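Chains as they are written, first to last, in the numbering used here: chain A, 12 to 162; chain B, 170 to 276.
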Amino acid sequence: MTTRTEQATQVYAVFIRATPEQVWDAITKPEFTMRYFYGSELESTFEPGASYKQWAPEREKLWVEGEVVESARPHRLAHTWHSLFDDESASEPASRVTWEIEPQDGGVTKLTVTHDQLEASPKTAASVSGGWSYVLSGLKTLLETGEPLQG
Amino acid sequence: MATDDDLVFRALADPTRRHLLDRLYERDGRTLTELESELEMTRFGVMKHLRLLEEAGLVVTRREGRQKLHYLNPVPIRLIHDRWIDKYRERQVSALADLKSELEDTA
């Protein structure tokens, strides 16, 4: 087993057969996020300065809160990320998530998610590091097949 | 034409490239010079392997000032897991479930 120091900057990228507008909608509209983002419901106007809330299914709990820092539909979105999964994560400072959406040749769009400013948030860094791959895999599957991942 | 999966399988089919991924897994965001210092290989050789990893989407680079940093991107491996591993694992599990119900029915 190799051990791992929790990364203060994490980068995730995926190519999706969809337009940048479709990718933007899938990351900003709750009816989409509920189908691939652990069932979570997003709440935000996505205007700079607006709040960003990610609710657990049935709005049982608030999982993440933050603030929209940058918003340029359909190419770039950045917001702060304060995990509220548990007390330990909640006691850590906010980090930042940046979504970059770039059209490529052949009707493919590249989506890059950078989760950074995690230097003082090791618990959050550890908890999101497996999650982003799952989320982006699910997002790709949903956009390309219209179906969420099984299981 | 090579599909995305072909590029990933090809990139993973080499021990040096798997070693580079393991080094990035331990600590991400490294420069070519840092990665090169851990391998018995020329700078050119390491560059070639990193380029193949980048083409397969397994490594993503970012510029920070004058440095080019290499990050491990685990998403293509996750996609292969979801497409090729989960599927067959499920089948195996359901085959066992079928066997169990068949044995119980005959009992």
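Just so it is clear, CB atoms sit at the ideal spot from N, CA and C, and this is done for glycine as well. Remember, predicted model here, so these are calculated numbers, not experimental data.
Inset, instruction - May I have the straight-line CA-CA distance separating K64/A from H90/A, to the nearest angstrom? - result: 10 Å
Inset, instruction - Please confirm if Y257/B has its CB atom under 7 Å from at least one CB of chain A. - result: no
Inset, instruction - Please report how far the alpha carbon of S94/A lies from the alpha carbon of L268/B, in whole angstroms. - result: 44 Å
Legend entry - Close beta carbons around K121/A, own chain, < 7 Å, minus the five adjacent residues each side: Taking C-beta separations shorter than 7 Å and ignoring five residues to either side along the sequence, the partners of K121/A in its chain run A24, F26, E113, Q115, following chain order.
Legend entry - Environment of S100/A [buried if 16+ CB atoms lie within 10 Å]: buried
Legend entry - CB contact check: Y23/A to chain B, cutoff 7 Å: It does; some Cβ of chain B falls within 7 Å.
Inset, instruction - Could you check if W253/B is buried or exposed, using at least 16 other CB atoms within 10 Å of its CB as the buried criterion? - result: exposed
Inset, instruction - Verify whether the separation of the beta carbon atoms of S144/A and V244/B is less than 7 Å. - result: yes
Legend entry - T156/A versus L150/A: straight-line alpha-carbon distance, rounded: So the two alpha carbons sit approximately 10 Å from each other.
Inset, instruction - Can you pull the chain A residues whose beta carbon is under 9 Å from the beta carbon of L248/B, in chain order? - result: V25, S144, L147, S148, K151, T152
Legend entry - Chain-ordered chain A contacts of R231/B [CB-CB under 9 Å]: Near R231/B (Cβ distances below 9 Å), the residues of chain A are T20, V22, T125.
Inset, instruction - Compare the C-beta of Y240/B with all C-beta atoms of chain A and state if any pair is closer than 7 Å. - result: yes
Legend entry - Cα-Cα separation between E71/A and A225/B, rounded to whole angstroms: Those two C-alpha atoms are separated by around 40 Å.
Legend entry - CA-to-CA distance, A182/B to R196/B, given in whole angstroms: 22 Å
Inset, instruction - Taking 7 Å as the cut-off, decide whether the C-beta atoms of E52/A and W66/A are in contact. - result: Yes.
Inset, instruction - Indicate whether at least one CB of chain A lies closer than 7 Å to the CB of G234/B. - result: no
Inset, instruction - Take the Cβ of T135/A as the centre, count every other Cβ of all protein chains shown within 10 Å, and call the residue buried at 16 or more, exposed below. - result: T135/A comes out buried.
Legend entry - Alpha-carbon to alpha-carbon, K237/B and I246/B: Roughly 23 Å between the two C-alpha positions.
Inset, instruction - Anything in chain B within Cβ reach of L129/A, meaning under 9 Å, just list it in chain order. - result: None at all; the shortest Cβ gap to chain B is about 11 Å.
Legend entry - Proximal residues of chain B, C-beta to C-beta of L160/A below 7 Å: Within 7 Å of the CB of L160/A, the CB atoms of chain B belong to D251, in sequence order along the chain.
Inset, instruction - Evaluate T125/A with the Cβ neighbour count: other Cβ atoms within 10 Å of its Cβ, from every protein chain shown; 16 or more gives buried, anything less gives exposed. - result: Buried, by the Cβ-count rule.
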